[in-house]
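A.B. asks: Note that our numbering has the sequence shown beginning at 78, numbered continuously upward.
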Amino acid sequence: MDCEYAFAVIVDFEATCDDRNQPRPQEIIEFPSVLISLGSFEIVDEFQSFVRPRHHPVLTEFCRNLTSISQSDVETADSFTEVLARHHDWLDGHDLDETNALIVTCGDWDLGTMLPAQCSAAVPEVASLRPIYTRWQNIKHAFCSVKGCSRAPGMARMLTDLDLTLAGHHHRGIDDCRNLATLYTTLLQRGGPVGITAERSGGFLSA
């Protein structure tokens with residue numbers, strides 16, 4: 078496959094939530110990533126960390142049931158700024174940046190909405206993001222390219238439509254990343270494209 082990127086980084090955040098009164102601001106409570114080689118289509122490594130929410134430290138019952146993340150998981154976790162720094166270290170450990178790796182998400186919410194909001198809500202505030210976090214590929218575009226549709230369904234339905242099995246707990250970040258990795262490599266093997274579908278400066282300075 079002729080591609081300018083050597084790697085894809087699957088990212089799928091989980092955040093504080095409720096079915097009745099959505100917490101404001103929402104905060105990331107799980108930061109997972111799965112690293113894929115675009116040469117071999119194999120998983121190279123994984124990163125996973127829970128994140129301790131500051132503004133709404135107690136998870137709602139709805140959130141716990143949806144994500145399978147427990148109160149103790151987040152209470153014993155590091156702050157977002159600490160987890161982001163560890164994610165930087167993980168990227169650096171694989172020599173990854175915006176020139177050789179592309180982040181892949183399911184939709185635009187993770188990097189287009191949630192990450193900028195979390196950076197603003199963090200204490201201390203995250204004033205800048207590395208360029209790798211400001212451009213991404215929405216996997217739904219690749220799905221539509223392969224399936225010839227104008228609008229892609231959610232992850233679970235995309236897996237079903239490609240005769241793939243949903244593994245683990247849906248809405249648990251690391252499990253969703255693994256499922257998206259399977260979905261993405263399957264799409265690429267069927268001729269799906271690799272490339273940036275969205276980017277955002279969002280007031281952040283490149284770092």
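Built from N, CA and C at the ideal position, the CB exists for glycine as well.
Does DSSP classify residue 199 as helix, strand or coil?
C.D. replies: coil
A.B. asks: What residue range does the beta strand (DSSP E) around residue 121 cover?
C.D. replies: Per DSSP, residue 121 belongs to the beta strand (DSSP E) from 120-127.
A.B. asks: What does a CB cutoff of less than 8 Å around residue 83 pick up in its chain, not counting 5 residues either side in sequence?
C.D. replies: 114, 115, 116, 177, 178
A.B. asks: Buried or exposed, going by whether 16 or more other CB atoms sit within 10 Å of the CB of residue 283?
C.D. replies: Its pLDDT being 35, under 50, residue 283 is placed unreliably in this model, and the coordinates cannot settle the point.
A.B. asks: Among 96, 167, 133, which has the Cα closest to the Cα of residue 126?
C.D. replies: 167
A.B. asks: Would you call the CB atoms of residue 144 and residue 228 closer than 8 Å?
C.D. replies: No, these two residues do not count as a Cβ contact at 8 Å.
A.B. asks: Can you tell me which residues form a DSSP beta bridge with residue 85?
C.D. replies: 113, 179
A.B. asks: Can you have a look at residue 226 and say buried or exposed, based on whether 16 or more other CB atoms are within 10 angstroms of its CB?
C.D. replies: exposed
A.B. asks: Rounded to whole angstroms, what is the Cα-Cα separation between residue 212 and residue 275?
C.D. replies: 6 Å
A.B. asks: Thinking just about the alpha-carbon of each residue, which of 258, 239, 217 is nearest to the one in residue 110?
C.D. replies: 258
A.B. asks: Could you give the residue range of the alpha helix (DSSP H) that holds residue 142?
C.D. replies: Residues 138-144.
A.B. asks: Taking 8 Å as the limit between beta carbons, can you name the residues of its chain near residue 194, skipping five residues before and five after?
C.D. replies: 102, 103
A.B. asks: Can you give the Cα-Cα distance for residue 141 and residue 149, rounded to whole angstroms?
C.D. replies: Distance between the alpha carbons of residue 141 and residue 149 is about 11 Å.
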